[in-house]
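Trainee: Shown below is the structure under consideration.
There are 2 protein chains.
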Amino acid sequence: MDKDAKNRLIEAAMPLFPAKGYAGVSIREIAEAAHVNSAAISYYFGGKEGLYEAVLDVLFSQIDDAIHTIDVLQEKPQEFIRHFAMMVLNIHMHNPYIMLYLYQELSHPSPYLEQIIQKHIRKAFNTIHIAISKGISAGIFKKDINIEHAVMSLAGIINFYFFMTPVRKIVLKNYDDNEKEYVQQAISIFLNGIRRDCDEKKHT
Amino acid sequence: MDKDAKNRLIEAAMPLFPAKGYAGVSIREIAEAAHVNSAAISYYFGGKEGLYEAVLDVLFSQIDDAIHTIDVLQEKPQEFIRHFAMMVLNIHMHNPYIMLYLYQELSHPSPYLEQIIQKHIRKAFNTIHIAISKGISAGIFKKDINIEHAVMSLAGIINFYFFMTPVRKIVLKNYDDNEKEYVQQAISIFLNGIRRDCDEKKHT
DNA sequence: GTCTATATTGCGATAGAC
DNA sequence: GTCTATCGCAATATAGAC
Numbered sequence: 044m045d046k047d048a049k050n051r052l053i054e055a056a057m058p059l060f061p062a063k064g065y066a067g068v069s070i071r072e073i074a075e076a077a078h079v080n081s082a083a084i085s086y087y088f089g090g091k092e093g094l095y096e097a098v099l100d101v102l103f104s105q106i107d108d109a110i111h112t113i114d115v116l117q118e119k120p121q122e123f124i125r126h127f128a129m130m131v132l133n134i135h136m137h138n139p140y141i142m143l144y145l146y147q148e149l150s151h152p153s154p155y156l157e158q159i160i161q162k163h164i165r166k167a168f169n170t171i172h173i174a175i176s177k178g179i180s181a182g183i184f185k186k187d188i189n190i191e192h193a194v195m196s197l198a199g200i201i202n203f204y205f206f207m208t209p210v211r212k213i214v215l216k217n218y219d220d221n222e223k224e225y226v227q228q229a230i231s232i233f234l235n236g237i238r239r240d241c242d243e244k245k246h247t
Numbered sequence: 044m045d046k047d048a049k050n051r052l053i054e055a056a057m058p059l060f061p062a063k064g065y066a067g068v069s070i071r072e073i074a075e076a077a078h079v080n081s082a083a084i085s086y087y088f089g090g091k092e093g094l095y096e097a098v099l100d101v102l103f104s105q106i107d108d109a110i111h112t113i114d115v116l117q118e119k120p121q122e123f124i125r126h127f128a129m130m131v132l133n134i135h136m137h138n139p140y141i142m143l144y145l146y147q148e149l150s151h152p153s154p155y156l157e158q159i160i161q162k163h164i165r166k167a168f169n170t171i172h173i174a175i176s177k178g179i180s181a182g183i184f185k186k187d188i189n190i191e192h193a194v195m196s197l198a199g200i201i202n203f204y205f206f207m208t209p210v211r212k213i214v215l216k217n218y219d220d221n222e223k224e225y226v227q228q229a230i231s232i233f234l235n236g237i238r239r240d241c242d243e244k245k246h247t
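Quick note, the sequences are listed as chains A and B, same order. Residues 44 to 247 in my numbering are what the first sequence spells out, letter by letter. Residues 44 to 247 in my numbering are what the second sequence spells out, letter by letter.
What follows is the structure, encoded as structure tokens:
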């Protein structure tokens with residue numbers, strides 16, 4: 044069973060690395076969870092680090108795949124941003140580990156972080172950037188906004204919620220896990236917030 | 044030098060834990076950075092875990108201290124939210140480690156996470172919750188918004204930006220680090236987005 | 001390709017001198 | 001209160017049998 048053992052190792056390692064931190068997981072532990080011998084990790088991936096890199100690759104490829112399902116050029120900016128947000132929601136619901144690995148990478152970057160950003164995150168950033176630019180040109184969004192900042196605001200308003208899930212479970216009395224409703228309201232706030240015909244009175 | 048060695052250990056450990064993960068840092072490494080003997084960690088903190096807990100305590104106490112500087116009851120909701128955001132900005136600029144520890148705790152919670160949330164984060168959440176409620180009662184904010192979701196949106200739009208700093212440095216061409224400008228625009232987007240007299244036309 | 005056994009290294013904690 | 005030395009343990013990686 045060649046491919047099978049490899050895939051089982053990746054699947055088994057996926058939840059373990061963020062749960063205990065890279066250094067906190069032992070290859071024995073991963074091998075046990077995958078029902079393979081610990082020596083198989085060195086055999087297939089050249090060692091623990093190679094396995095970690097393989098997990099990263101599997102995870103972040105999913106972002107690319109998802110981005111390809113929508114086309115920024117063929118939709119109105121607001122519609123595109125809504126679709127994009129729903130796509131992000133979908134990723135979080137189906138694979139909660141992507142964000143955990145991203146956060147792990149951001150606090151202690153591995154040599155592959157830059158590669159991941161260039162390969163997978165930059166495209167998402169650029170796509171949103173284009174959508175907002177189009178909206179400004181079309182007179183839908185305010186023209187004096189900093190677009191790069193707006194992209195970060197959109198990313199934050201959507202993603203932070205998912206990352207804070209453990210906090211929400213403790214802080215919220217009636218925790219009901221309505222992620223879709225959250226994203227819809229968040230996107231409404233964001234789109235309302237950058238709309239051109241909705242200027243806030245300046246407050247000195 | 045009693046207190047001095049203790050404090051030096053906390054200061055030395057602060058950047059190391061998030062940089063390599065809890066398990067990835069050795070007590071010898073921390074002791075060396077603090078210019079104390081490694082045995083001092085067990086002597087002062089009862090072991091590595093006690094030192095980690097002490098670092099958490101020092102860091103998250105700062106949130107409490109900052110919250111006490113503004114009073115939700117004595118300001119208009121918008122003003123309060125702006126002040127709160129500037130306070131968060133201030134914390135991030137003066138101590139980048141709080142967020143790193145929060146992220147570390149969220150991906151692999153230590154036994155102290157719940158304690159930290161109850162002691163330090165819940166109050167911040169409740170304070171914002173009150174400000175938004177007041178704004179709704181006063182007819183300033185939309186009355187049909189989910190307040191808890193709105194609090195998460197506000198937290199996300201502000202905090203995510205700081206956490207993504209390493210990504211921003213790679214993705215943005217002219218990275219100029221204008222955090223204050225970011226927060227001001229983000230808050231404007233958020234406040235505009237929940238304003239009552241600014242309803243978005245429904246799509247569909 | 002898969003296993004056992006092991007070489008080697010480094011860890012956290014502590015006993016005991018000063 | 002601070003140091004050295006060391007104990008006991010667990011880690012990764014690998015050699016070699018099957």
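The C-beta atom is built at its ideal place from N, Cα and C for all residues, glycine as well. Bear in mind the structure is a predicted one, so any value in this text is a computation, not a measurement.
Give the straight-line distance between the Cα atoms of Ile190/A and Asp220/B, rounded to the nearest whole angstrom.
Mentor: Each residue's alpha carbon lies about 14 Å from the other.
Trainee: So, does the stretch 108-128 of chain B touch the stretch 81-92 of chain B, judging by three or more C-beta pairs under 8 Å?
Mentor: Segments in contact, no.
Trainee: Quick one: does Arg51/A have its CB under 9 Å from some CB of chain B?
Mentor: No, its Cβ sits nowhere closer than 9 Å to a Cβ of chain B.
Trainee: DSSP state of Arg211/A, grouped into three classes?
Mentor: It is helical.
Trainee: Can you list, in chain order, the residues of its chain with a C-beta nearer than 6 Å to that of Glu148/A? Leave out the 5 residues immediately preceding and following it.
Mentor: Leu156, listed in sequence order.
Trainee: The stretch 126-148 of chain A: which residues have C-beta closer than 8 Å to a C-beta of chain B, in chain order?
Mentor: For the stretch 126-148 of chain A, which is checked against every Cβ of chain B, the residues closer than 8 Å are Leu143, Tyr146 and Gln147.
Trainee: Counting Cβ pairs, one atom from each stretch, are 3 or more of them under 8 Å apart for the stretch 135-154 of chain B and the stretch 58-69 of chain A?
Mentor: They touch, by the three-pair rule.
Trainee: Name, please, each residue of chain B whose Cβ falls closer than 7 Å to the Cβ of His151/A.
Mentor: In chain order: Pro61, Ala62, Lys63 and Gly64.
Trainee: At a CB-CB cut-off below 9 Å, which residues of chain B make contact with Phe233/A?
Mentor: Neighbours of Phe233/A on chain B, chain order: Ser196, Ile200, Ile232, Phe233 and Gly236.
Trainee: For Ala77/A, which of Ala97/A, Ala56/A and Phe203/A has the nearest alpha-carbon?
Mentor: Of the listed residues, the one whose Cα sits closest to Ala77/A is Ala56/A.
Trainee: Let me see if you follow: with CB-CB separation under 9 Å, is Glu191/A close to chain B or not?
Mentor: Chain B contact via Cβ: present.
Trainee: Do you know whose CA, among Ile237/A, His111/A and Ile73/A, lies nearest Gly178/A's CA?
Mentor: The residue with the shortest Cα to Cα distance from Gly178/A is Ile237/A.
Trainee: Could you list the residues in the stretch 153-170 of chain B with a C-beta less than 9 Å from some C-beta on chain A, going in chain order?
Mentor: Of all residues in the stretch 153-170 of chain B, Leu156, Glu157, Ile160, Gln161, Ile164, Arg165, Phe168 and Asn169 have a Cβ within less than 9 Å of some Cβ in chain A.
Trainee: Using the Cα positions of Ile110/A and Ala167/A, report the straight-line distance between them to the nearest angstrom.
Mentor: Going by the C-alpha atoms only, they are around 7 Å apart.
Trainee: Which value, in whole angstroms, describes the spacing of the CA atoms of Ala181/B and Ile113/B?
Mentor: Their Cα atoms are separated by approximately 20 Å.
Trainee: Throw me the rounded Cβ distance for the Ala48/B and Val79/B pair, which I believe falls under 8 Å.
Mentor: About 5 Å separates the two Cβ atoms, so the contact holds.
Trainee: DSSP beta-bridge partners for Phe184/B?
Mentor: Arg238/B, per the DSSP bridge assignment.
Trainee: Taking 8 Å as the limit between beta carbons, can you name the residues of its chain near Lys212/A, skipping five residues before and five after?
Mentor: Excluding residues within five positions, the ones whose Cβ falls inside 8 Å are Tyr218.
Trainee: Using CA coordinates, which residue listed in Ile164/A, Glu92/A and Gln105/A is at the minimum distance from Val210/B?
Mentor: When only C-alpha atoms are compared, the closest one is Ile164/A.
Trainee: For chain B, check one thing: does any of its Cβ atoms lie closer than 9 Å to the Cβ of Arg211/A?
Mentor: Taking Cβ atoms only, chain B reaches closer than 9 Å to Arg211/A, which makes this a yes.
Trainee: Compute the Euclidean distance between the alpha carbons of Val101/B and Val226/B, then round it to the nearest angstrom.
Mentor: Between Val101/B and Val226/B, the C-alpha separation is close to 25 Å.
Trainee: Excluding the 5 residues preceding and the 5 following Thr170/A in the sequence, name in chain order all residues of the same chain whose CB lies nearer than 6 Å to its CB.
Mentor: Val115.
Trainee: Is DSSP giving Pro120/B helix, strand or coil here?
Mentor: It is helical.
Trainee: Quick one: Cα of Pro120/A to Cα of Ser231/A, how far?
Mentor: One C-alpha to the other measures close to 13 Å.
Trainee: How would you label Lys186/B, buried or exposed, when you count the other beta carbons within 10 angstroms and need 16 or more for buried?
Mentor: With fewer than 16 other Cβ atoms within 10 Å, it is exposed.
Trainee: Within its chain, find whatever has a CB closer than 8 Å to the CB of Asn133/B; leave out the 5 residues flanking it on each side and keep chain order.
Mentor: So the qualifying residues of the chain are Ala109.
Trainee: The alpha helix (DSSP H) with His151/B in it runs from where to where?
Mentor: Segment: none, His151/B is in no alpha helix (DSSP H) and carries neither H nor E.
Trainee: So for Asn221/B, helix, strand or coil by DSSP?
Mentor: Three-state DSSP puts Asn221/B in coil, outside helix and strand.
Trainee: Hey, does Glu75/B have any beta-carbon neighbour from chain A nearer than 9 Å?
Mentor: By this cut-off, Glu75/B is not an interface position.
Trainee: Using only the alpha-carbon positions, how far apart do Ile70/B and Glu54/B sit?
Mentor: The straight-line gap from Cα to Cα measures roughly 14 Å.
Trainee: Could you name the residues of the same chain whose beta carbon sits closer than 6 Å to that of Pro58/A, not counting the 5 residues immediately before and after it, in chain order?
Mentor: Cβ within range, chain order: n/a, list empty.
Trainee: Hey, could you find the ends of the alpha helix (DSSP H) Tyr95/A is sitting in?
Mentor: Lys91 to Ile110 is the span of the alpha helix (DSSP H), which, as asked, contains Tyr95/A.
Trainee: Could you tell me the alpha carbon to alpha carbon distance between Phe60/A and Val68/A, rounded to whole angstroms?
Mentor: One C-alpha to the other measures close to 6 Å.
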